[in-house]
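Asks: In my numbering, the protein residues as written are 1 to 191.
Please read through the structure below; I'll follow up with questions.
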Ligand SMILES: *Cc1c(COP(=O)(O)O)cnc(C)c1O
């Protein structure tokens with residue numbers, strides 16, 4: 001129902017978890033499993049205002065100390081696109097793979113929304129997985145008066161969305177939605 005409501009295509013799907021921290025972790029594990037070969041020393045990119053759970057995910061996944069690279073935000077608090085484009089080019093020059101770009105739709109401190117559509121196009125061009133941490137802001141997509149704030153979220157490869165935050169659900173709850181649910185199976189199926 002959520003996949004449909006936020007505009008993900010046929011073939012999308014997801015899984016529930018007890019919090020956004022776990023959904024973010026699963027998203028990044030799925031991103032890694034989606035690659036043909038496990039890359040050496042991959043990097044994760046996000047803004048300096050991304051949630052601390054991205055850092056935790058990098059540690060749980062056993063990534064290198066310098067794997068999480070944060071990028072500056074603009075005065076309004078969204079990830080700086082020029083900085084991201086530059087960093088992607090630098091990584092390419094260094095031959096260092098980028099596992100995923102993590103965008104935030106509603107940062108924890110300021111509520112800022114990264115430029116989702118532009119990020120999605122940048123990531124598509126660079127063939128990098130885009131995860132949108134919409135733990136806070138994702139539910140705006142359900143509101144006809146505010147849905148445009150989430151424009152571009154539906155282009156992501158994976159999305160974290162927390163009913164326990166702005167929907168006021170009192171049970172700890174989070175959704176991980178994938179553009180192609182096959183990646184959940186690839187990462188976690190035990191047969
Ligand atoms: C709260 C939050 C999370 C983590 O969610 P938990 O349910 O507390 O694990 C992830 N990302 C953002 C942006 C958040 O605000």
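C-beta atoms are modelled at their ideal positions from N, C-alpha and C, and glycine is treated no differently.
Identify every run of the beta strand (DSSP E) within the stretch 84-118, keeping only runs that are complete inside it and at least 3 residues long; order them along the chain.
Replies: 98-104
Asks: Sorted by chain position, which residues of the same chain lie with C-beta nearer than 6 Å to residue 173's C-beta, five sequence neighbours on each side aside?
Replies: Counting from 1 along the chain shown, the entry for residue 173 is found at position 173. Excluding residues within five positions, the ones whose Cβ falls inside 6 Å are 163, 164.
Asks: Is residue 136 buried or exposed, if buried means 16 or more other CB atoms sit within 10 Å of its CB?
Replies: To locate residue 136, count along the chain shown from 1; it is residue 136. Residue 136 comes out buried.
Asks: Scan the stretch 12-38 and note each continuous beta strand (DSSP E) run of 3 residues or more that stays entirely inside, going in chain order.
Replies: 13-17
Asks: Pick out every residue whose C-beta is nearer than 7 Å to a heavy atom of ligand 1: which are they, in chain order?
Replies: 19, 20, 21, 22, 24, 51, 53, 104, 106, 107, 108, 133, 135, 136, 160, 162, 164, 165, 172, 174
Asks: For residue 195, list the residues DSSP reports as bridge partners.
Replies: As displayed, the chain neither begins before 1 nor continues past 191, which places residue 195 out of reach and without an answer.
Asks: Let's see if you can read the secondary structure: which residues bound the beta strand (DSSP E) around residue 43?
Replies: Taking the chain shown and counting its residues from 1, one reaches residue 43 at position 43. Counting along the chain, the beta strand (DSSP E) containing residue 43 begins and ends at 43-47.
Asks: Determine the contact status of residue 161 and residue 134, defining contact as a CB-CB distance below 7 Å.
Replies: Taking the chain shown and counting its residues from 1, the one referred to as residue 161 is at position 161. Taking the chain shown and counting its residues from 1, the one referred to as residue 134 is at position 134. Cβ atoms of residue 161 and residue 134: closer than 7 Å.
Asks: Determine contact between the stretch 118-132 and the stretch 66-73, defined as no fewer than three beta-carbon pairs at a distance below 8 Å.
Replies: no
Asks: Determine the DSSP secondary structure at residue 145, reduced to helix, strand or coil.
Replies: In the chain shown, residue 145 corresponds to position 145, counting from 1. Residue state, collapsed to three classes: coil.
Asks: If distances are taken between C-alpha atoms only, which option among 105, 60, 169, 171 comes closest to residue 150?
Replies: Your numbering for residue 150 matches position 150 in the chain shown. Out of 105, 60, 169, 171, 105 has the C-alpha closest to the C-alpha of residue 150.
Asks: Name the residue from 159, 101, 95 whose alpha carbon lies nearest to the alpha carbon of residue 41.
Replies: Here residue 41 refers to the residue found at position 41 of the chain shown. Out of 159, 101, 95, 95 has the C-alpha closest to the C-alpha of residue 41.
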